Structure formats: structure tokens, C-alpha cells
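Scroll down for the structure; my scribbles are underneath it.
In the working numbering, the protein residues as written are 140 to 725.
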């Protein structure tokens, strides 16, 4: 019990010494600090009201500083990214010419479907194709007897592919970069939400879809272009073959752009996807699957339409990678993996979300959506109504959570087209295109359309995402406010650390060691026969005049140069001895 009381008293003595040391250091800090006003607070020569005035001024400046710093932080946290104009121009020779998807509004050829009798499975499928808006309406949900779908397992994609106008009959003439090519070699057939379409300058499937990654196909197309991998963030590979696709433009203007002569074959029209004949043309990024039904541009028959392309490029600096995805609201290509697509884009991600939702709802995936599950079946005529109901806007909130995670890419490339049309010739006179001139003028006005696609400018300035307030700017703003109102700097932190933490703690440590040495010396004088312990030098002791321990040699007369300091500490030690009496056995 006595030993415990002794230790408790010693701890109380140490706490008392530490408190006194802290108060002395605080006074020193107030007298020597560079912070505005605090020097006057610690000046004992000033009256109490003067010191109170400067203390109140410092507190007011401190509150204003905290308020302004909080505003700076809110601005930094709420607006981490700013979008500006890129300082570097992007040449059209460094990015792909837009991928072009062309669709005839005629869903199926009349000569191929008029043989099907009323009431057959094919007839039911034709009614669905030709009245898509009607059958998607909720008022026909319970009127399934209008269509013969019971047991109808016809594949919509196979039926459309076998009965629609092929690309070689729609495309009569193709020219790219002032060179005429065989349209069959330039275009590939592709199934879209608009039906069977023809696409040019599309990314090779081996680089776009994961299921085709190891197919080992020859990526060289019919007119000698070799397929290469491209994406907006990495661009083209460093080493490129002489001819490749997705191809770049050779220059600006109609001559160095793309030209095509299209034949609608009005006599083969059975039903249109709109309210009239014509074509839908869609300009898109080569790595995105075309969604023509909603975004395709109408090209009228009997007209020549010039599409002037402007490039919209999004870029980002590497510094915004440190900002959270929610803060920068974009993704780099290696930050999110997709199931079906090898390259991440927002559209590809949303398509996969819709596929997952439709599979969950109808246990199948429509032909125009990615097949994200290898064992999933393609929806047939029997599944049509389930798919149509699931795709309605009233049911779509069920997949909104997945879609909300599909952020835009930090690097992106889009194309904006401005169309200008003028009628084709109806009279006999010489024309610029020999093929168009050779066509009967009556057939020309009723079936033919000509499109020209070209860049207006040779370079474009993209949108650059950058940190709105970087760490350097944030520290500069905070430091400027603290320096203006309080005179605070990095050295002020060192002053606080030294005077209020380091100095009191070191003085406590040195005081304890000095007290121990003094007690040892006193014991030796009272008991001269006792041998001195090893490691104790009776020619020196430690004092606390400096921050760190310093040896002070005894003079010949037995008094130390800092005797007053020693006596003061000895008196403090004696007081502690009285507070903590030793037991008789010690």
C-alpha cells in the first residue's frame, strides 16, 4: 500500500511539473510567436483590457479564417473537375473517320414475303415488324389473339436477315478519300434495332467483342485494309500497316470524304419503320454498336444530302485519377470491365444492363442486345410481348440502378452531323457522277439517294477535364487566408510543436533524470562507504536550461556554474520527497 501511494505521489509530482513547464512554455510562445496579436496577449507590460482587446481580435480573425477555409473546402469538394477547351488541337488524321451505318426503312422485301398466307407464323411476325408501335402499346397486352404467337418460335433476326434488302443491292456506288471502291468490300451487314443495315469503318469484332477474341480470323477486308485496335484513350497502335481500318480521313471536303449512291427499290417496299420511304444514316464511334432506330438521320429519296461532320472529343488529364469516380463523373478504360464488350463505353455498359434486365424478366436476350450469358437463348416470336412490356418506360426503373453505374468515359469521341439536301436532276443534262447520270431520271427521283460525308475542319479542339482546385491550389488558398488574417505559416506549426509539446516533455524527462542524479549524490555523501554504481559520473549532472540534456562539469570548489538552477531543482525534488515519504524498509 505504501509503495502504491509512493508511485501515485510521484505521478502527481510529475504532472505538476509538466503543468508548470507547459505554462512557462506557453508564455515563451506568446512572447516569441509570429502569429498576429498573440505577442501582445502575452506581454505583461500591457494592461488587462489591452491584452483582452488583442485576444478578442485574434479570436475574431481565427473564426473568420475557419469560415473562409470551410468555403474553400466546400468548393474543392463539390466541384473537383472543370471542363475546358483542350490546349492541343486534334488532327483528323489521328482519329478514325466516323463509322457509317445505313439502313433502308423498308423492313422486308415485298417479293419475298407476299407468298406467306394469312394466319401463318410468318404472317404474324410480319404484323409485329410492320406495326411495332401499335403492338408495343399497353392496350394490346391482352389481345394476343390478334397475332398467332402460340408455339411461334421463329427467330426474328433470322427472318429479317433472310427477307431484307442486302447491302449489295442497296449500295450502288462508294467512294472514300477520292478513290472508288467496291461497296461489297467496304460495308458489312449488321443486325441493329432498325433491322438489317450496312456499316462502314467499324471496329473489327475481334477487338470489340470478348467472344470473338480468340477466333483467329483474318482481319484484312476485301479492299486490302487490315483491321487494327483503336480506342479513344489509347488511340492507334504505334506501328500501323500501310492500309488499315478503322480508317482515318485523308483531308477535308467532299472530294476527300465519303460518297455513296443508295437504291431504295421502292417496288420492293412492304412496310416502313417510319411513315414513308427513305434511309436512316447513323454516324458513330467505331467501337460502339449502332443504335439507329432512335438516333439515325433521315435521308430522303430523290435528294443528294451533304453531311458535314464535326468531331467532339473528350479528354482528361492523368491528375484526375486521384479524384473519386463520383467526383469526376467519368471512367478510364481500365476502371470497369464489361461482360460482352472488350472496350468500355457508356452505351456499351447500358446495353449490357438492359440485356441483364431482359434476361431476368423474360429468360432470353433479344437479337439486338449483347449476349452477356453464353447459355442464354435469343428471344423468339413467342417472347416478343414479354420483351416489349419489359422495355416500356414504366418498367425501366427496375434496371436504373445498373444504368446509374455506367458513367461516361474520360476519353470519348463523338460526331455531330449537319445535313443539307438538294433534289437530284429530273431533266437530261450532264451530271458530276457518271453512274447517277446514267440512271433513268424517273427512277432516279423515286428510288435513288446520294450522300456525301466529310469533315469541315482539319483540326478540332476537344474538351479537357482537369482538376478544378488541385492540392497545390488548395494549399495556396488556405495558406493565403491564414497568412492574411493570422500571420500563420508552416514555421508557426513548428513553433506550436516546439513550445507546447516538445519543450515541456523534454524538461520533464530531464527533471526526472536530474532528480535521480541529485538523490544519488546525496546518498553517497551521507554514506561514503557505499560504492558508486557503474555508469554514474559524480563529476557531472544534467540541467534543463536547454531543450536537450547537456553535461555541466563541477568546479574545483564543488559548486556548479549553474548552481542556482541546481538548487531550484533540488528544492523541487525535496518537496516531492516530503510529499512521498519513504518506507522504513527502503
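Glycine included, C-beta positions come from ideal geometry on N, C-alpha and C.
The structure presented is a predicted model; accordingly, all values stated were derived computationally and were not measured.
Classify residue i: buried if its beta carbon has 16 or more other beta carbons within 10 angstroms, exposed otherwise.
{"i": "residue 154", "result": "exposed"}
{"i": "residue 579", "result": "exposed"}
{"i": "residue 589", "result": "buried"}
{"i": "residue 604", "result": "buried"}
{"i": "residue 509", "result": "buried"}
{"i": "residue 459", "result": "buried"}
{"i": "residue 152", "result": "buried"}
{"i": "residue 319", "result": "exposed"}
{"i": "residue 726", "result": "In the structure displayed, the chain extends from 140 to 725; residue 726 sits before or after that span and is not available."}
{"i": "residue 630", "result": "exposed"}
{"i": "residue 304", "result": "buried"}
{"i": "residue 237", "result": "buried"}
{"i": "residue 297", "result": "exposed"}
{"i": "residue 642", "result": "buried"}
{"i": "residue 199", "result": "exposed"}
{"i": "residue 202", "result": "exposed"}
{"i": "residue 188", "result": "exposed"}
{"i": "residue 447", "result": "buried"}
{"i": "residue 653", "result": "buried"}
Anyone know if the C-beta pair for residue i and residue j falls short of 8 Å?
{"i": "residue 529", "j": "residue 494", "result": "no"}
{"i": "residue 594", "j": "residue 454", "result": "no"}
{"i": "residue 325", "j": "residue 401", "result": "no"}
{"i": "residue 393", "j": "residue 445", "result": "yes"}
{"i": "residue 267", "j": "residue 246", "result": "no"}
{"i": "residue 542", "j": "residue 465", "result": "no"}
{"i": "residue 172", "j": "residue 634", "result": "yes"}
{"i": "residue 586", "j": "residue 403", "result": "yes"}
{"i": "residue 222", "j": "residue 487", "result": "no"}
{"i": "residue 519", "j": "residue 292", "result": "yes"}
{"i": "residue 168", "j": "residue 638", "result": "yes"}
{"i": "residue 650", "j": "residue 161", "result": "no"}
Return the CA-CA distance between residue i and residue j, expressed in angstroms with no decimal places.
{"i": "residue 345", "j": "residue 570", "result": "42 Å"}
{"i": "residue 548", "j": "residue 227", "result": "19 Å"}
{"i": "residue 240", "j": "residue 457", "result": "34 Å"}
{"i": "residue 248", "j": "residue 264", "result": "14 Å"}
{"i": "residue 270", "j": "residue 413", "result": "10 Å"}
{"i": "residue 234", "j": "residue 427", "result": "15 Å"}
{"i": "residue 212", "j": "residue 463", "result": "16 Å"}
{"i": "residue 622", "j": "residue 477", "result": "50 Å"}
{"i": "residue 491", "j": "residue 405", "result": "36 Å"}
{"i": "residue 620", "j": "residue 207", "result": "7 Å"}
{"i": "residue 504", "j": "residue 523", "result": "10 Å"}
{"i": "residue 432", "j": "residue 323", "result": "23 Å"}
{"i": "residue 381", "j": "residue 337", "result": "25 Å"}
{"i": "residue 224", "j": "residue 371", "result": "17 Å"}
{"i": "residue 373", "j": "residue 468", "result": "20 Å"}
{"i": "residue 596", "j": "residue 407", "result": "40 Å"}
{"i": "residue 538", "j": "residue 341", "result": "29 Å"}
{"i": "residue 391", "j": "residue 312", "result": "20 Å"}
{"i": "residue 230", "j": "residue 327", "result": "27 Å"}
{"i": "residue 577", "j": "residue 559", "result": "24 Å"}
{"i": "residue 482", "j": "residue 347", "result": "6 Å"}
{"i": "residue 220", "j": "residue 185", "result": "51 Å"}
{"i": "residue 441", "j": "residue 416", "result": "11 Å"}
{"i": "residue 350", "j": "residue 521", "result": "27 Å"}
{"i": "residue 363", "j": "residue 376", "result": "18 Å"}
Just tell me which of the options has its CA closest to the CA of residue i.
{"i": "residue 193", "options": "186, 176 and 483", "result": "176"}
{"i": "residue 204", "options": "394, 234, 625 and 398", "result": "625"}
{"i": "residue 210", "options": "637, 640, 616 and 648", "result": "616"}
{"i": "residue 556", "options": "435, 475 and 531", "result": "435"}
{"i": "residue 386", "options": "399, 315 and 373", "result": "315"}
{"i": "residue 553", "options": "583, 421 and 390", "result": "421"}
{"i": "residue 566", "options": "468, 583, 172 and 560", "result": "583"}
{"i": "residue 409", "options": "253, 293 and 502", "result": "253"}
{"i": "residue 600", "options": "295, 450, 441 and 185", "result": "450"}
{"i": "residue 563", "options": "443, 527 and 242", "result": "443"}
{"i": "residue 195", "options": "180, 220, 474 and 612", "result": "180"}
{"i": "residue 425", "options": "368, 363, 644 and 191", "result": "368"}
Whole-angstrom Cβ separation of residue i and residue j, contact assumed at under 8 Å?
{"i": "residue 395", "j": "residue 388", "result": "7 Å"}
{"i": "residue 339", "j": "residue 365", "result": "Residue 339 to residue 365, Cβ: 16 Å. No contact."}
{"i": "residue 330", "j": "residue 507", "result": "6 Å"}
{"i": "residue 397", "j": "residue 592", "result": "4 Å"}
{"i": "residue 479", "j": "residue 511", "result": "5 Å"}
{"i": "residue 546", "j": "residue 526", "result": "Not confirmed; about 27 Å, so no contact."}
{"i": "residue 251", "j": "residue 302", "result": "5 Å"}
{"i": "residue 242", "j": "residue 418", "result": "7 Å"}
Could you tell me whether any Cβ in chain D is nearer than 8 Å to the Cβ of residue i?
{"i": "residue 200", "result": "Checking the listed chains, one finds no chain D in this structure; it contains a single protein chain."}
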